[in-house]
Amino acid sequence: MRNKQARIPLYILTSLLFGLKTYIVYRFMFNIELDNSMQEFILFINPFVSAFLIFAISVWFSKPSRQMKYLRYTAFIMSFVVFANLVFYRQFTDFITIPQLFMGSNMADLGSSILTLIKPYDILLFADAALIWYLSKKHENAISVNYLKRGKVFALAMSLLLLAGNFFLAEMERPQLFTRAFDREYLVKNIGIFNYHVYDLVVHSKAESQRVFADGNELPEIEQYIDENVKLSDEKSELFGAAKGKNVIFVNAESVQNFVIGNEVNGEEITPFLNSLAEDEDTYYFDNFYEQTGQGKTSDSEFLVENSLYPLSRGAVFFTHGGNEYHAMPEILKEEGYFSSVLHANNKSFWNRDGMYQSLMIDHFYSEDAYEINEENSVGWGLKDKPFFEQSIKYLESMEQPFYSKLITLTNHFPFQLDEEDKSIEPYDSNSNTLNNYFPAVRYADEALEEFFAHLKESGVYENSIIVIMGDHIGISANHNKAMSMYLDKEEITPVDQVELQKVPLFIHIPGHGKGEVNSTLGGQIDLKPTILSLLGIENESDLYFGNDLFANERKGYIALRNGDFVSDDYISTAGLCYDIETGELLDSDEETDENTAQTANSACNAIQDKVDLELGYSDDLIYGDLFRFINFDNK
Ligand code: GP9
Ligand code: MN
129 MRNKQARIPL YILTSLLFGL KTYIVYRFMF NIELDNSMQE FILFINPFVS AFLIFAISVW
189 FSKPSRQMKY LRYTAFIMSF VVFANLVFYR QFTDFITIPQ LFMGSNMADL GSSILTLIKP
249 YDILLFADAA LIWYLSKKHE NAISVNYLKR GKVFALAMSL LLLAGNFFLA EMERPQLFTR
309 AFDREYLVKN IGIFNYHVYD LVVHSKAESQ RVFADGNELP EIEQYIDENV KLSDEKSELF
369 GAAKGKNVIF VNAESVQNFV IGNEVNGEEI TPFLNSLAED EDTYYFDNFY EQTGQGKTSD
429 SEFLVENSLY PLSRGAVFFT HGGNEYHAMP EILKEEGYFS SVLHANNKSF WNRDGMYQSL
489 MIDHFYSEDA YEINEENSVG WGLKDKPFFE QSIKYLESME QPFYSKLITL TNHFPFQLDE
549 EDKSIEPYDS NSNTLNNYFP AVRYADEALE EFFAHLKESG VYENSIIVIM GDHIGISANH
609 NKAMSMYLDK EEITPVDQVE LQKVPLFIHI PGHGKGEVNS TLGGQIDLKP TILSLLGIEN
669 ESDLYFGNDL FANERKGYIA LRNGDFVSDD YISTAGLCYD IETGELLDSD EETDENTAQT
729 ANSACNAIQD KVDLELGYSD DLIYGDLFRF INFDNK
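Written as structure tokens, this is what we have:
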């Protein structure tokens, strides 16, 4: 037997160092919200628990050299997992999911962003692994232990005990954590990043098997739900057919949030063109409209618009289910003689668009190759929006009409980089460069849109078209709340504010219409497909979808966000808690039942939550089971 004098087995030392490091990363590098001391405590112990769990496995290798090798490599691999999550988090304020890992091309394409996301001091994340490497190599003989059965059983028992203790506390702190998951931050906060990855793997495999076993039996229940809860009335909206036979030009406005509309920075209007458009008599401007995307960002917003289905809570559905059958807007429009296309000056495989667009039955994709891109006309992610629109006009002009074309902009993308000559307004001045630079970038997008309208008018396409402009998702994440609260002149960004910041602008411009207005109907991206089809006067009764025509009188009255939060006319629910939308106050769950009303506000809010959960679940079922393959819409 070697090494009687070893005080502390290397796997325990490795676990302690690794646990400590991970804790420091959780606490100071991720922006994990801690509401009470119990959460603090759980966050403190879970890195040690997972580290112990993984490193204690080394005792089962009987050869000491193998033990050392195991510790060396796992310490590096696990450090890399922490590092990768950190880089990912800096970009998406979220943790990696298994489907994201298969988005290699996306990760590579992050290009200019990724460099801004890696910091020199990140190297320290590998310091403990390097130390373990050194110790285990240099002093292998001195520190190797040939564990007896007792030592092995101890390691195993301790691992399981620690894990059980951690899970018990987590479940106490967040009942139903594992069944409902809430969001990834909760999972990481409670069980740690490694156990979260294991959990994610299990969920992912379960989803995969769902497709294999789905046979369409699930459909009647979903159809019934939609008939009873979504398609609330057969009555057509007043605007049904208002744009019959017209082209649809849809602009996906990268990262434009609603708070910039009508607002100023340093005393200057941020979006003078969009502000004037909002006032225009041919424009409906929706100022109470939400983005509902998940991890798939732009692609999720596209998915919502084309299908009126929800994207997935994990990964980008464009990637994970790009080969499914759908019954998307381009397919429906094709039957009405429309030609559909997407114009976007980026790599065609980004977000797996080339694959997914075929499933959505989009006729043509004008991607990067269709544009002249050089040093002068590009910045950040690629071709600037002004030359993008300018170069797109020739395609629109020569396109077979009627057409449905979606143009996806790019310049106003994190990190909101602009060339000096494109900056018309000064950045904001706060501790967040992201927010500071956001304003000039949004102004650039606004000017690009103004030019686009002018090009459309010159080309003659304008008169025969309706133009829809929609912000795809937020540009400023909760990481910048301090700066955001300063800009909005608020003491802090409350959970209710956070949800409301998910509003994006929606403009529907119908040349010659004359009845436009600012419309404060509660809506979301899920509503675009029924709205556009109705404007074009296309009946679509047999379809399966979860949105409502924004101009319809009877609507569901709530907008589900992809993380399970929702907004209704009266409430905002976030992280499982209900708030009054007017006052922003938390509804008291112990509130006495008013004798005259059957339900307390809280239970009314919970009733909506149940519907939201059901609806998101049904939408997921349709996607996971690839259920559209069982429906023949031609016969309906
Ligand atoms: C990439 C563009 C940006 O082609 O759509 O994607 P995002 O990062 O916003 O999802
Ligand atoms: Mn985007």
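Quick note on this note's numbering: the sequence shown kicks off at 129 and runs consecutively. For each residue, glycine too, the CB sits at the ideal point set by N, CA and C.
In the three-state scheme derived from DSSP, where H, G and I count as helix and E and B as strand, residue 675 is classed as coil.
Under the three-state reduction of DSSP, residue 332 is assigned to helix.
In the three-state reduction of the DSSP assignment, residue 285 falls in the helix class, which pools H, G and I.
A straight-line Cα-Cα distance of about 11 Å links residue 459 and residue 761. 185 is the residue among 221, 691, 353, 185 whose C-alpha sits nearest the C-alpha of residue 284. Excluding its 5 nearest sequence neighbours in each direction, residue 353 has C-beta neighbours in its own chain below 8 Å: 742, 743, 746, listed in chain order. In this structure residue 526 is exposed. Its beta-carbon is surrounded by fewer than 16 other beta-carbon atoms within 10 angstroms. Check the Cα spacing between residue 539 and each of 551, 532, 533: the tightest is with 551.
One thing to note: residue 516 has its Cβ no nearer than 9 Å to the Cβ of residue 532.
Across the structure, residue 189 and residue 138 are spaced so that their CA atoms are roughly 13 Å apart. CA-to-CA, the gap between residue 648 and residue 679 works out to about 11 Å. No heavy atom of the ligand MN is found nearer than 8 Å to the CB of residue 150.
In the structure shown, residue 300 adopts helical secondary structure according to DSSP, grouped into three states. Look at residue 649 here: in three-state DSSP terms it is coil, with no helix or strand label. Per DSSP, residue 413 is not a residue of any alpha helix (DSSP H); the beta strand (DSSP E) it occupies stretches across 411 to 414. For residue 147, the uninterrupted alpha helix (DSSP H) run begins and ends at 138 to 156, by DSSP. Cβ-Cβ separation between residue 487 and residue 452: approximately 6 Å, consistent with a contact (criterion under 8 Å).
It is roughly 40 Å from the alpha-carbon of residue 341 to the alpha-carbon of residue 624.
Residue 446 is positioned such that its CB atom lies no closer than 9 Å to that of residue 422. Judged by DSSP in its simplified three-state form, residue 572 adopts helix. Only residues of its own chain outside the window of five on either side were considered, and among them 178 have a CB closer than 6 Å to the CB of residue 322, listed in chain order. Sixteen is the threshold: when 16 or more other Cβ atoms of the shown chains lie within 10 Å of the Cβ of residue 484, as they do, the residue is buried. Taking a 10 Å sphere around the C-beta of residue 317, we find 16 or more other C-beta atoms and assign the residue as buried. Following the DSSP letters along the chain, one finds residue 534 in no alpha helix (DSSP H) but inside the beta strand (DSSP E) bounded by residues 531 to 536.
Secondary structure note for residue 470: its beta strand (DSSP E) is the uninterrupted segment 467 to 471.
If you ignore the 5 residues before and after residue 753, its C-beta comes within less than 7 Å of the C-beta of 338, 339, 342, 346, all in its own chain and listed in chain order. Close CB contacts of residue 291 within its chain, under the 7 Å cut and outside five residues either way in sequence, are with 177, 181 (chain order). Within the chosen limit of 8 Å, the ligand GP9 does not reach the beta carbon of residue 386 with any heavy atom. The chain-ordered list of residues whose CB is nearer than 5 Å to some heavy atom of the ligand GP9 reads 425, 426, 474, 478.
At a cut-off of 8 Å, the beta-carbon of residue 741 does not count as near the ligand MN: no heavy atom of the ligand is closer than that.
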